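S.K.:
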Amino acid sequence: MSLLDRRGLLTGAAAILGVELAAPLARALAAEAAPGFSASHAAFTADQRMLVAAVSERIVPTTDTPGAIAAGVPAFMEMMIADWYEPTDRQEFMDGLGLLEGYAWIQFEKPFAGLVPEEQDHVLTLAMTGRIAALSASFFEHFRQLVLLGYYTSEIGCKQERVYVPVPGRYDGKYPYAEVRRVFSS
Amino acid sequence: MATYEFDAIVIGSGISGGWAAKELCEKGMKVLMLERGRMVEHREDYITEGKGPWQLPYRGTLPAAEVERDHVMSKWGGAASTASTHFFNNDRLNPIDFENSKPFRWVRPAQVGGKSLIWSRVALRWGPNDFEANKRDGHGSPWPISYDEVAPWYSYVETYAGIAGAKDGLPQLPDGEFQKPHPMNAAEIWVKDRLEKAMPDRKLISTRTANMTEDKPEQGRARCQDRNMCARGCSFGAYFSTQAVTLPAARKTGNLTLLSDKVVTNLEYDPKTKRVTGVRTLDANTQEEKIYSSRIVFLCASAMASTQILLNSKLLGSERSFADASGMLGHYIMDHVFRTYFWGTVPDKELDPYIAYGRRPNGVYIPRFRNLNGRQDPDADFVRGYGMQGAAGRNPATPGGFGKAMKEGMRAYGPWTIRFTAFAECLPYKDNTLSLNPGKLDRFGVPLAVFNVTFRENEMRMMRDAAQQGETMMKAASLVDVGSANEEHVPGDAIHEMGGACMGADPRTSVVNRWSQAHDAANLFITDGSQMASTNCVNPSMTFMALTARAADHAVKLVKAGTI
Numbered sequence: 001m002s003l004l005d006r007r008g009l010l011t012g013a014a015a016i017l018g019v020e021l022a023a024p025l026a027r028a029l030a031a032e033a034a035p036g037f038s039a040s041h042a043a044f045t046a047d048q049r050m051l052v053a054a055v056s057e058r059i060v061p062t063t064d065t066p067g068a069i070a071a072g073v074p075a076f077m078e079m080m081i082a083d084w085y086e087p088t089d090r091q092e093f094m095d096g097l098g099l100l101e102g103y104a105w106i107q108f109e110k111p112f113a114g115l116v117p118e119e120q121d122h123v124l125t126l127a128m129t130g131r132i133a134a135l136s137a138s139f140f141e142h143f144r145q146l147v148l149l150g151y152y153t154s155e156i157g158c159k160q161e162r163v164y165v166p167v168p169g170r171y172d173g174k175y176p177y178a179e180v181r182r183v184f185s186s
Numbered sequence: 001m002a003t004y005e006f007d008a009i010v011i012g013s014g015i016s017g018g019w020a021a022k023e024l025c026e027k028g029m030k031v032l033m034l035e036r037g038r039m040v041e042h043r044e045d046y047i048t049e050g051k052g053p054w055q056l057p058y059r060g061t062l063p064a065a066e067v068e069r070d071h072v073m074s075k076w077g078g079a080a081s082t083a084s085t086h087f088f089n090n091d092r093l094n095p096i097d098f099e100n101s102k103p104f105r106w107v108r109p110a111q112v113g114g115k116s117l118i119w120s121r122v123a124l125r126w127g128p129n130d131f132e133a134n135k136r137d138g139h140g141s142p143w144p145i146s147y148d149e150v151a152p153w154y155s156y157v158e159t160y161a162g163i164a165g166a167k168d169g170l171p172q173l174p175d176g177e178f179q180k181p182h183p184m185n186a187a188e189i190w191v192k193d194r195l196e197k198a199m200p201d202r203k204l205i206s207t208r209t210a211n212m213t214e215d216k217p218e219q220g221r222a223r224c225q226d227r228n229m230c231a232r233g234c235s236f237g238a239y240f241s242t243q244a245v246t247l248p249a250a251r252k253t254g255n256l257t258l259l260s261d262k263v264v265t266n267l268e269y270d271p272k273t274k275r276v277t278g279v280r281t282l283d284a285n286t287q288e289e290k291i292y293s294s295r296i297v298f299l300c301a302s303a304m305a306s307t308q309i310l311l312n313s314k315l316l317g318s319e320r321s322f323a324d325a326s327g328m329l330g331h332y333i334m335d336h337v338f339r340t341y342f343w344g345t346v347p348d349k350e351l352d353p354y355i356a357y358g359r360r361p362n363g364v365y366i367p368r369f370r371n372l373n374g375r376q377d378p379d380a381d382f383v384r385g386y387g388m389q390g391a392a393g394r395n396p397a398t399p400g401g402f403g404k405a406m407k408e409g410m411r412a413y414g415p416w417t418i419r420f421t422a423f424a425e426c427l428p429y430k431d432n433t434l435s436l437n438p439g440k441l442d443r444f445g446v447p448l449a450v451f452n453v454t455f456r457e458n459e460m461r462m463m464r465d466a467a468q469q470g471e472t473m474m475k476a477a478s479l480v481d482v483g484s485a486n487e488e489h490v491p492g493d494a495i496h497e498m499g500g501a502c503m504g505a506d507p508r509t510s511v512v513n514r515w516s517q518a519h520d521a522a523n524l525f526i527t528d529g530s531q532m533a534s535t536n537c538v539n540p541s542m543t544f545m546a547l548t549a550r551a552a553d554h555a556v557k558l559v560k561a562g563t564i
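Protein sequence lines correspond, in order, to chains A and B. The working numbering puts the last residue of the first sequence at 186; the count rises by one with no breaks. The working numbering puts the last residue of the second sequence at 564; the count rises by one with no breaks.
#1: Report the residue ranges of all beta strand (DSSP E) runs contained in full by the region 434 to 474 of chain B; include only those spanning at least 3 residues, in chain order.
#2: For chain B, find out if any of its Cβ atoms is closer than 9 Å to the Cβ of S40/A; answer yes or no.
#3: For V480/B, count neighbouring Cβ atoms within 10 angstroms of its own Cβ and tell me buried if that reaches 16, exposed if not.
#4: Check each residue of the region 37 to 58 of chain B: if its Cβ is closer than 8 Å to any Cβ of chain A, include it; give the result in chain order.
#5: Please name the residue or residues paired with A43/A in a DSSP beta bridge.
#6: Residues of the region 111 to 124 of chain A in Cβ contact with chain B at a cutoff of 8 Å, in chain order, please.
#7: Excluding sequence positions up to five away, which residues of its chain have a Cβ less than 8 Å from the Cβ of L315/B?
#8: Which residue's Cα is closest to the Cα of E99/B: V511/B, M474/B, Q531/B and T433/B?
#9: Please name the residue, chosen from A380/B, A222/B, A305/B and D379/B, that lies closest to I526/B on a Cα-to-Cα basis.
#10: Looking at V183/A and F112/A, is the spacing between their C-beta atoms short of 9 Å?
#11: For a contact defined as C-beta to C-beta under 7 Å, what are the partners of I366/B on chain A?
#12: Cβ closer than 7 Å: which chain A residues qualify as neighbours of K404/B?
#13: Does any C-beta atom of chain B lie closer than 9 Å to the C-beta of G169/A?
#14: Could you list which residues in chain A have their beta carbon closer than 8 Å to that of A164/B, in chain order?
#15: Work out the CA separation of K180/B and K240/B for me, nearest whole Å.
#16: Taking Cβ-Cβ distances below 7 Å as the criterion, which residues of the region 62 to 83 of chain B are in contact with chain A?
#17: Using the Cβ count rule (16 or more neighbours within 10 Å means buried), how would you classify R550/B?
#18: State the Cα-Cα distance for the pair G504/B and M498/B, rounded to the nearest angstrom.
#19: Excluding five sequence neighbours on each side, which residues of the same chain lie with their C-beta closer than 7 Å to the C-beta of G363/B?
#20: Between which residues of its own chain and N458/B is the CB-CB distance below 8 Å, once the five residues before and five after are set aside?
#21: Since Q389/B sits in a beta bridge, which residues does DSSP pair it with?
#22: Which residue or residues does DSSP assign as beta-bridge partners of F544/B?
#23: Which runs of the beta strand (DSSP E) at least 3 residues long sit entirely within the region 304 to 351 of chain B? Give them in chain order.
#24: Return helix, strand or coil for Y151/A, following the three-state DSSP convention.
#25: CA-CA distance, G254/B and H331/B?
#26: Could you tell me the distance, in whole angstroms, from the CA atom of M577/B to the CA atom of A65/B?
#27: Measure the C-alpha to C-alpha separation of A249/B and E26/B and round it to an integer number of angstroms.
#28: Name the DSSP beta bridge partners of T209/B, please?
#29: Let me confirm a value: D7/B is counted as buried when at least 16 other C-beta atoms fall within 10 Å, else exposed. Which label applies?
#30: Thinking S294/B and I9/B are a contact (beta carbons under 8 Å), I'd like their distance in whole angstroms, please.
#31: Would M1/B pass as an interface residue toward chain A - the criterion being a Cβ-Cβ separation below 9 Å?
#32: In terms of residues, what are the limits of the beta strand (DSSP E) holding G483/B?
#33: Would you mind reading off the limits of the beta strand (DSSP E) that contains G278/B?
#34: Less than 9 Å between CB atoms is the rule here; does M650/B satisfy it with respect to chain A?
#35: In the DSSP assignment, find the unbroken alpha helix (DSSP H) run with P74/A in it and report its ends.
#36: Under 7 Å Cβ-Cβ, which residues of chain A neighbour I355/B?
Encoded structure:
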């Protein structure tokens, strides 16, 4: 469930109950309405949102654990672009999106999101290696890092892909990796 | 005989103020504690404690525009992390000034508890040599006290605060009253074994820290849970803070009145009796003025803030502070020098199968090894010395590319690396000053603090030496990919600012006496970092605690004897 959906649910709950929300609910509502949890305004068009979601899912795909879309990475990216980025960085990112989508249309006559995964991976490999005209390889790296940040700081990234131990209770500086075969999230 | 609202007023509620309040209350004094920041209650106001990154605004990093607008200095203490932004000063609302654009970073807290909530918790004693340094090499004002006089007070505050550390038996870093140390990890032990064998005068020890390894049920505090989220506040009370330790003790006596949001602008002074007669405050929210009076005053507002308050406490009809008969008030501003790093990688495949479980609150420490015991090393082109704080760890692997292979690659760890930061002593220079700008007033009508502080050749030589020695040690310990770096050294950056109201025996050359008592006002005690006559190279908080408890003990004896 997206943050927006959840917020709607909570607001709705307050209306239905017709009472003041219990403190934990009110706190959750206040927290997620606050800056830094969801975009204060739309940074992407509907098409751009599809593009960002499709690229993010190819970068961190669904495997034996959920991928970028399930982890809410596209909404995180929109929040960062809308509210965290400086205007020049935001513009650079938006320009890159346009070039990437333009390439998909020229080569496949389809939006990136409409390509099959193999085609998407082919386009992303070209983007990564700087082989798409006018699109610097740094755009892909930038996009990639934003996806990784969003994914590994998400609840799914921390708890399902990585191992989340909020209260370790002890420190063991010689702990066998074989016990987890994963990274501890912090 | 004058009557007072309170027996004592404590200005500031941080590490020093908390100890002053606890000690004075426990000795039966009716105490008013004034704090310019907002109220933060233990546990209930730790609003980010225990939260995962997805539960923090912007996943933990404040937007750059907001950082530059409101936290241009406090970002150096951690204000850019949304996990603890709320514990830091808004620098836009509380500006400072600079002489000739010389930079200074004044990192300030914004709440009851002060920096005790957000400190790094490194808990080290000074050694005998450090109290003798000024006298020996002629820099600054000689300390009028010796290690032996302070040692029982170190023991006193360590025992109550709960300090974890090993008894390492090093004369330059005296042992104290310790709980068992936090453990080192496999790589740190690996480095220690090789370093100490290759260079027997170097030691690698577990950093002594104010995070407990044993419970203190009598204080309602539990040992550290290895979350390493200290700067958000700790409901276990595992690390020393005003909220967890000194404030509950002071409140328990029934003798404490704590007022937050009270900005102390200046002290009122009677030149006839040579006493502080009142503490003038403005309410931070309503600007309401109120003057409180007491028999004695403990000024613990932080080194720079206490100096600013004193400078703004003028004799009637004079531009001179009542506390400045020596002409030394606002001089000898100091901080540690610390933007020198070095590192190396463990090449040994034997350690590959191991990672760390838990997030330890401390690391390892290489105690000072230069110019020890009052001797000058023949190959050292500087006086005094430095220590080194570090830690080893493994970061997640960083495969490039994208897709399934990358995602799986990120389930592995990179190699064990170890990284250190040197902390060097800054000499006391009389012309490193804090003064006031009467032409620029803040929102409380207080003239802005003007910083005029620079590091000099001795500091720079020490840092160059630290980088060289660091690389030599990393190589001697068989590490690979060894390197070092020096960044710009900006005073204030270490958040170990000291001086401004230095201690000394001679009222002509110092501001407070051997009991932290102002030479110019017998009922005023200045027990925070402003009293420091030199910085040594170790983290200063334990010394502030010890000197504060010692001063409180002495002050109450004087009150009981009717002397003040």
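Even glycine gets a Cβ: it sits at the ideal position worked out from N, Cα and C. If you're wondering where the values come from, they're calculated on a predicted model, not measured in any experiment.
M.R.: Concretely, from the data shown:
#1: 447 to 452
#2: no
#3: exposed
#4: G50, G52, P53, W54, Q55, L56, P57 and Y58
#5: None; A43/A has no bridge partner.
#6: D121 and L124
#7: Y269, P271, S321 and F322
#8: T433/B
#9: A305/B
#10: no
#11: Residues of chain A passing the Cβ test: none, with the nearest at roughly 18 Å.
#12: P61 and T63
#13: yes
#14: None at all; the shortest Cβ gap to chain A is about 11 Å.
#15: Residue identity check: residue 240/B is Phe in the sequence provided, not Lys. C-alpha separation (whole angstroms): 16 Å.
#16: P63, A64, A65 and T82
#17: buried
#18: 15 Å
#19: T207, Q389, G390 and A391
#20: F382, V383, R384 and L427
#21: Y365/B and T421/B
#22: F544/B pairs with nothing; no bridge assigned.
#23: 337 to 345
#24: helix
#25: 39 Å
#26: Outside the displayed range of chain B (1 to 564) lies residue 577/B, so it cannot be described from this structure.
#27: 8 Å
#28: V122/B and A164/B
#29: buried
#30: 4 Å
#31: For M1/B, the predicted structure reports a pLDDT of 49, less than 50, and the residue's modelled location is therefore unreliable. A value from the coordinates is still provided. Taking Cβ atoms only, chain A never reaches closer than 9 Å to M1/B, which makes this a no.
#32: V480 to N486
#33: R275 to D283
#34: A question about residue 650/B goes unanswered here, because the residues of chain B that appear run from 1 up to 564.
#35: V73 to M79
#36: Y175 and Y177
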